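The structure appears right after this line, and notes come after that.
Numbering (our numbering), first residue to last: 1 to 117.
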């Protein structure tokens with residue numbers, strides 16, 4: 001039986017998981033991006049945090065940062081709106097164990113657990 005386009009569009013995307021090394025690198029990098037040392041100096045990311053009502057930024061945006069793309073095996077041309085949801089959710093799963101970060105309920109946004117001083 002052939003799969004129709006409609007059935008393929010409804011089928012859930014296969015889950016992605018990050019190996020232990022990638023998971024550690026991703027966690028460390030996102031904690032750095034939103035940390036006390038980097039965030040006050042990173043005008044682009046700070047702007048996104050400040051513009052957000054809840055202090056959370058799109059995880060897909062963070063996945064588009066050059067070093068994150070490298071860790072995640074994403075093509076250099078990938079933009080925020082084209083990061084696969086499976087990648088975003090795999091990164092969210094890794095970040096849930098962080099005491100320094102908080103995630104939205106759907107796992108698509110991330111922010112600091114504590115306010116920036």
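Glycine included, each C-beta is placed from N, C-alpha and C at the ideal position. Note that the structure is a prediction, hence the values are computed from the model and not measured.
Distance from the CA of residue 117 to the CA of residue 35, rounded to the nearest whole angstrom, comes to 11 Å. Residue state for residue 102 is assigned as strand, using DSSP reduced to three classes. The DSSP-derived three-state label of residue 109 is strand.
Selection 112, 113, 94 evaluated against residue 21 yields 94 as nearest (Cα-Cα). Around residue 60, the same chain offers 80, 81, 83, 88, 108 as residues with beta carbons nearer than 8 Å, after the five sequence neighbours per side are excluded.
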